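Using our numbering, you'd call the opening residue of the sequence shown number 46 and step up by one each time. Only one structure is covered here, and it is reproduced in the block below.
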Amino acid sequence: MYDGPPFSGKTTTVRTLADRLGVAVETPEEERGRTLFYDWADYVGGLYDGRQIHCEIITVPGQRELAARREMLVETADVVIFVLDSRADAFDECIGRLQELLRWSREQSPPVGVVVQANKRDDPKRVPAEVIRERCLAIAPLAITETVATDGAGVRETFVLGVRLALDRVRASKDVLGKPPPPTREVLIESMSQLGAALERVHDVSAEAEPTDFEDPVPHGAERESAPPVEAEPYDPDRVPVIPDPDTPGGLIWPPVDGRILLHEVSTLGLEVQRARDGSWAATGAGWRARSGLESAYETADGARNAMLEWARRHSLLKGMLSRDRVLVAAPEPGGRGRLWQLVRTLPALRDSLSELGPETPDSVVAEKLLGMARTLELAEEAAVDRSLTMPTNLWTVGVDPAGRPVHVGLMSEPGITAPERKLTDVVGIELGPIVRVLVRQRPGLAAAFARAPAVLGHDALRDRARDYHREWHE
């Protein structure tokens with residue numbers, strides 16, 4: 046499904062794509078070049094579970110007065126490609142529309158993947174790519190591509206990514222079988238004209254049977270390259286592995302939709318894999334951490350996939366305790382082997398917030414900041430013990446999510462590692478005690494600031510430590 050404001054380039058995109066794919070586009074009704082119902086193209090190509098993929102490519106009307114028609118179409122989508130007019134004078138409206146779309150797409154189960162197609166990148170008044178990325182990713186996990194629809198640049202690549210996300214969603218759906226077939230164009234026009242008639246389910250991407258395996262979509266009529274047998278390249282434990290990319294086959298990425306979107310983002314960053322001190326493979330930079338541990342190489346691809354599924358279940362059980370943007374991948378390797386990867390977006394940990402406390406920061410602000418950190422550590426440790434989390438609780442592994450809740454921001458331990466029985470520890474004393482001791486020595490008024498801090502912040506033990514340290518240093 047192609048969505049976006051008027052004049053963003055939806056129809057141009059689909060007509061250019063259809064021309065490249067060798068299929069026809071039908072537009073039931075338009076007015077002065079603007080779509081009133083939809084643009085529709087059928088495309089069959091590529092393989093999924095050994096069968097050809099049937100794609101129904103549809104654009105929706107962008108006019109506000111046709112919002113009801115648009116909603117009827119969007120609600121049928123398995124993936125939405127949001128065509129964003131990246132010219133400066135249209136950008137803010139596009140971001141507003143994107144936020145509206147994402148409120149709906151994130152409520153679906155599984156979520157409907159959204160690809161942002163930043164169009165009109167040849168315009169001299171285009172918004173910088175880094176601004177587009179920053180504004181879009183602040184809303185939700187999104188794949189972002191750049192296109193010039195009038196000459197086709199980036200259009201096919203965006204479509205292929207959209208197809209993969211749709212197939213991920215079909216795979217993750219529990220009710221793939223038994224859905225009604227797509228409506229005919231005549232039925233769709235009649236339904237949209239009346240706006241009160243029920244609209245049958247439209248599959249942007251559908252398969253005839255329950256999905257099990259995935260082969261990458263290729264253009265209709267194009268020759269598929271035959272990959273050499275994986276046994277042709279012997280396994281070398283010292284070979285530097287490659288970070289998984291968004292072309293990874295379906296069923297090997299978790300979460301199935303958002304995971305591929307995040308892999309698309311990581312693939313643009315040029316991260317370099319290096320051997321870590323503990324022997325694992327790791328890459329860090331541009332706001333991401335990727336790691337494949339010593340025990341993450343498996344003799345078979347199925348072994349890696351089974352381990353990924355076990356790991357995914359653990360992640361699901363810890364939902365709400367872990368930072369949001371995480372990806373697990375069972376990456377195929379030469380010789381029929383598999384390698385498990387985890388990729389985590391780097392978020393500020395509590396330790397990072399200490400750098401905000403400079404010499405000029407008032408004692409009252411320092412005291413309240415430390416008391417807030419104490420409460421965050423305490424809540425994180427209680428949750429970790431209650432749910433047998435294997436990650437340690439400390440200033441480096443705990444942060445705060447946008448809602449103000451404590452979350453673990455570090456890497457998860459590998460599958461198969463059994464969490465030792467955990468008991469509540471004085472994590473606040475261990476982590477913050479030495480810091481408070483140093484700060485009280487440097488700031489004679491800090492102990493009094495702790496005593497005056499609002500009672501709602503709690504943690505009398507930390508206040509008592511500050512008082513005792515003050516006596517040690519200043520009395």
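Here a beta-carbon is modelled for each residue, glycine too, at the ideal position from N, C-alpha and C. Note that the structure is a prediction, hence the values are computed from the model and not measured.
Query                                                                                                     : Result
7 Å Cβ shell around residue 344 - same chain, five flanking residues per side excluded                    : 382
Status (buried if at least 16 other CB within 10 Å, exposed otherwise) for residue 494                    : buried
Alpha carbon of residue 100 to alpha carbon of residue 58, nearest angstrom                               : 16 Å
For residue 443, three-class secondary structure by DSSP                                                  : strand
One or two residues paired with residue 453 in a DSSP bridge                                              : 367 and 443
Contact set for residue 359: own chain, Cβ-Cβ below 7 Å, skip 5 residues either direction                 : none
For residue 52, the first and last residue of its enclosing beta strand (DSSP E)                          : Premise fails: residue 52 is in no beta strand (DSSP E) and is neither H nor E.
Expected contact under 8 Å - CB spacing of residue 335 and residue 288 to nearest Å                       : 5 Å
Min CB distance residue 319 to chain C below 7 Å                                                          : In the structure shown, chain C cannot be found, because there is only a single protein chain.
Residues bridged to residue 343 [DSSP beta-bridge criterion]                                              : 383
Contact check, residue 139 vs residue 50, beta carbons under 7 Å                                          : yes
Spatial distance of residue 445 from residue 156 (CA atoms)                                               : 24 Å
Counted within 10 angstroms of its Cβ, other Cβ atoms place residue 303 as buried (16 or more) or exposed : buried
Unbroken beta strand (DSSP E) run spanning residue 130, endpoints                                         : 124 to 130
8 Å contact criterion, which residue 452 and residue 395 should meet: CB distance rounded                 : About 11 Å; that fails the 8 Å criterion.
Inter-residue spacing [alpha-carbon to alpha-carbon] between residue 146 and residue 310                  : 20 Å
Secondary structure of residue 377, DSSP reduced to three states                                          : strand
DSSP three-state assignment for residue 488, whether helix, strand or coil                                : coil
Counted within 10 angstroms of its Cβ, other Cβ atoms place residue 319 as buried (16 or more) or exposed : exposed
Boundaries of the alpha helix (DSSP H) in which residue 508 is found, first to last residue               : 505 to 519
Residue 337: first and last residue of the uninterrupted beta strand (DSSP E) it sits in                  : 333 to 337
Beta-bridge pairing of residue 84 - partner residues as DSSP gives them                                   : 104
Residue 200, DSSP secondary structure in three states                                                     : helix
Three CB pairs or more closer than 8 Å across the stretch 360 to 367 and the stretch 395 to 408           : no
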